[in-house]
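Counted the way numbering that gives the first Met the number 0 counts, the sequence shown spans residues 0 to 303.
Here's the structure we're looking at; comments come further down.
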Amino acid sequence: MTLPRIAFLGIGLMGAPMVDNLLSAGYPMSLWNRTRAKCEPFAARATLSETPVEAVTGADVVITMLENGTVVEEVLVAQGALTALGKGSVLIDMSSVQPALARHHGELAAGQGAGYLDAPVSGGTRGAASATLSIMAGGSVEHLNRVRSLLEVMGKVTHIGPVGAGQLAKLANQAIVGITIGAVSEALLLAAKGGADPGAVREALMGGFASSRILEQHGQRMIERDFTPGAPARIQLKDLGMILDEARAENLTLPLARQVHHSYLSLLANGHGEVDHSGLLLELEHLNGVRLGGGKPAPAERER
Numbered sequence: 000m001t002l003p004r005i006a007f008l009g010i011g012l013m014g015a016p017m018v019d020n021l022l023s024a025g026y027p028m029s030l031w032n033r034t035r036a037k038c039e040p041f042a043a044r045a046t047l048s049e050t051p052v053e054a055v056t057g058a059d060v061v062i063t064m065l066e067n068g069t070v071v072e073e074v075l076v077a078q079g080a081l082t083a084l085g086k087g088s089v090l091i092d093m094s095s096v097q098p099a100l101a102r103h104h105g106e107l108a109a110g111q112g113a114g115y116l117d118a119p120v121s122g123g124t125r126g127a128a129s130a131t132l133s134i135m136a137g138g139s140v141e142h143l144n145r146v147r148s149l150l151e152v153m154g155k156v157t158h159i160g161p162v163g164a165g166q167l168a169k170l171a172n173q174a175i176v177g178i179t180i181g182a183v184s185e186a187l188l189l190a191a192k193g194g195a196d197p198g199a200v201r202e203a204l205m206g207g208f209a210s211s212r213i214l215e216q217h218g219q220r221m222i223e224r225d226f227t228p229g230a231p232a233r234i235q236l237k238d239l240g241m242i243l244d245e246a247r248a249e250n251l252t253l254p255l256a257r258q259v260h261h262s263y264l265s266l267l268a269n270g271h272g273e274v275d276h277s278g279l280l281l282e283l284e285h286l287n288g289v290r291l292g293g294g295k296p297a298p299a300e301r302e303r
């Protein structure tokens, strides 16, 4: 069976391991990234393109994995990648963008005779590398079934609903992630300030109702003070902003998301935009003038 040719646009922290898994599965690929150097590690295994249009031309499937909706709009519309879609091809936007923007791009793709899925992911760089991403797909079942096998190379696929629904699921995911990171930060700092060993507290909580992947992975990051970015704090802030925008559009008030958004704003204002989003602990330490594990927080502590 001949595998479809994939154009992959966006070879960043998430895109690179996703591309590696697709190439290892035998898919022929054309790659593009604004910074060409990020494509170079794949030069012997894929075609490197100078422009998004060049990458998309002749592709059966186009995957975008870009930083935000503004960049997706720039690449697809302003740089013309969308108009290069072939009839019968499928565009899969795996970036995190506004649901309304996903619906707009779906309409533009349909005008080209192409299918469209919004399929954002959760799982971070670890999930991308291990091919265990949670992929939340919005769009028609017909279009999804045409590309399901290649998506399953990267993780587990769930059909959420019509175009835009995948992005709504991602917003729900990011609300839970951001709020839970805040809760884990507060819980560990509270316990440690009172004299408990935060590592032992985390271990105990992992056996009860408070157990979560956030407590497991990011709680350990906080204890080890390893804030090397898997998902940078600035991206979490962007996602929380989209959550609040969508809430306003639906006449909803989300007080927990609003408070965590404010905390991430402060984290970035204090120079920590590139730490992992578990680095929200740094803002809580700054607010309280204490450091998890004892001592005073460093005024300009950065990720390792």
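Where a beta carbon is used, it is the ideal one built from N, C-alpha and C, also for glycine.
Note that the structure is a prediction, hence the values are computed from the model and not measured.
#1: Please list the terminal residues of the continuous beta strand (DSSP E) segment that includes Leu188.
#2: Looking at the unbroken alpha helix (DSSP H) that takes in His217, where does it start and where does it end?
#3: When DSSP labels each residue in this structure, what does Gly240 get in the three-state scheme?
#4: Under 8 Å by Cβ, that's how I've got Val274 and Ala230 pegged, so tell me the actual separation to the nearest angstrom.
#5: I believe Gly154 touches Val120 by the beta-carbon criterion, under 8 Å. Please report the beta-carbon distance rounded to the nearest angstrom.
#6: Report yes or no: do three or more beta-carbon pairs, one from the stretch 64-76 and one from the stretch 41-48, lie closer than 8 Å?
#7: Which of the three DSSP states, helix, strand or coil, is assigned to Lys37?
#8: How should Arg301 be labelled, buried or exposed, when 16 other C-beta atoms within 10 angstroms of its C-beta is the threshold for buried?
#9: Helix, strand or coil: how does DSSP classify Arg301 here?
#10: Select from Glu141, Gly198 and Ile91 the residue whose C-alpha is nearest the C-alpha of Gly163.
#11: Does the beta-carbon of Asn254 have 16 or more other beta-carbons within 10 angstroms, so that it is buried, or is it exposed?
#12: Return the CA-CA distance between His271 and Met64, expressed in angstroms with no decimal places.
#13: Can you tell me which residues form a DSSP beta bridge with Ser133?
#14: Using a Cβ distance threshold of 8 Å, determine whether the stretch 165-172 contacts the stretch 186-198, with at least three qualifying pairs required.
#15: With distances taken Cα to Cα, identify the nearest neighbour of Thr1 among Leu107, Ala118, Ala199 and Gly25.
#16: Rounded to a whole number of angstroms, what is the C-alpha to C-alpha distance between Leu291 and Glu223?
#17: Any idea what DSSP makes of Pro197, helix, strand or coil?
#18: On the CB-based measure, 16 or more other CB atoms within 10 Å of its CB, does Arg303 come out buried or exposed?
#19: How close, in whole Å, do the beta carbons of Val71 and Ser94 come, if the pair is a contact with beta carbons under 8 Å?
#20: Using the Cα positions of Ala113 and Pro3, report the straight-line distance between them to the nearest angstrom.
#21: So, under 8 Å CB-CB, Ile159 and His217 are touching, yes? Tell me the CB distance rounded to an integer number of Å.
#22: Tell me, please, whether the CB atom of His142 is closer than 8 Å to any CB atom in chain D?
Considering the structure as presented:
#1: Within the sequence shown, residue 188 is the residue found at index 189, counting from 1. Not the beta strand (DSSP E): Leu188 falls in the alpha helix (DSSP H), residues Ala164 to Lys192.
#2: Locating residue 217 in the sequence shown gives position 218, where the first residue counts as 1. Segment: none, His217 is in no alpha helix (DSSP H) and carries neither H nor E.
#3: Against the sequence shown, residue 240 aligns to sequence position 241. It is helical.
#4: In the sequence shown, the residue the question calls residue 274 occupies position 275. In the sequence shown, the residue the question calls residue 230 occupies position 231. The Cβ separation is near 10 Å, so there is no contact.
#5: Translated into the one-based positions of the sequence shown, residue 154 becomes position 155. Translated into the one-based positions of the sequence shown, residue 120 becomes position 121. Correct: roughly 7 Å between the Cβ atoms.
#6: Because the criterion of three Cβ pairs below 8 Å is not met, the stretch 64-76 and the stretch 41-48 do not touch.
#7: Within the sequence shown, residue 37 is the residue found at index 38, counting from 1. DSSP places Lys37 within a helical segment (H, G or I) once states are collapsed to three.
#8: Stepping through the sequence shown from its first residue, residue 301 is reached at position 302. Only weak support exists for where Arg301 lies, its pLDDT of 42 falling under 50; the value from the coordinates is given anyway. With fewer than 16 Cβ atoms within 10 Å of its Cβ, Arg301 is classed as exposed.
#9: To locate residue 301, count along the sequence shown from 1; it is residue 302. Bear in mind that the predicted position of Arg301 carries a pLDDT of just 42, short of 50, making it unreliable; the figure below should be weighed with that in mind. Coil at Arg301, not helix or strand.
#10: Residue 163 sits at position 164 when you count from the first residue of the sequence shown. Each of Glu141, Gly198 and Ile91 was checked against the Cα of Gly163, and the nearest Cα belongs to Ile91.
#11: If you number the sequence shown from 1, residue 254 lands on position 255. First, the residue type needs correcting, since residue 254 is Pro and not Asn in the sequence shown. It counts as exposed.
#12: As a working mapping, residue 271 is identified with position 272 in the sequence shown. As a working mapping, residue 64 is identified with position 65 in the sequence shown. Between the C-alpha atoms of His271 and Met64 there is a straight-line separation of about 23 Å.
#13: Along the sequence shown, read from residue 1 onward, the residue named residue 133 stands at position 134. Paired residue(s): Ser121 and Lys155.
#14: The stretch 165-172 vs the stretch 186-198: no contact.
#15: Within the sequence shown, numbered from 1, the residue matching residue 1 stands at position 2. Comparing alpha-carbon positions, the option among Leu107, Ala118, Ala199 and Gly25 lying closest to Thr1 turns out to be Gly25.
#16: Sequence index remark: in the sequence shown, residue 291 carries index 292 (1-based). Sequence index remark: in the sequence shown, residue 223 carries index 224 (1-based). Rounded to whole angstroms, Leu291 to Glu223 spans 10 Å at the Cα level.
#17: By one-based count along the sequence shown, residue 197 stands at place 198. Per DSSP, reduced to three states, the secondary structure at Pro197 is helical.
#18: In the sequence shown, the residue the question calls residue 303 occupies position 304. With a pLDDT of 39 at Arg303, under the threshold of 50, the modelled position of that residue is not reliable, and the figure given next carries that caveat. Residue burial annotation: Arg303 is exposed, with fewer than 16 other C-beta atoms found within 10 angstroms of its C-beta.
#19: Counting from one through the sequence shown, the residue named residue 71 turns up at place 72. Counting from one through the sequence shown, the residue named residue 94 turns up at place 95. Yes, they are in contact, since the Cβ atoms of Val71 and Ser94 sit about 5 Å apart, within 8 Å.
#20: Reading the sequence shown from its first residue, position 114 is the one you call residue 113. Reading the sequence shown from its first residue, position 4 is the one you call residue 3. Looking at the backbone, the Cα of Ala113 and that of Pro3 are separated by about 15 Å.
#21: Start at 1 with the first residue of the sequence shown, and residue 159 comes out as number 160. Start at 1 with the first residue of the sequence shown, and residue 217 comes out as number 218. Between Ile159 and His217 the beta-carbon gap is near 25 Å, outside 8 Å, which marks them as no contact.
#22: Among the chains of the structure shown, chain D does not appear; only one protein chain is present.
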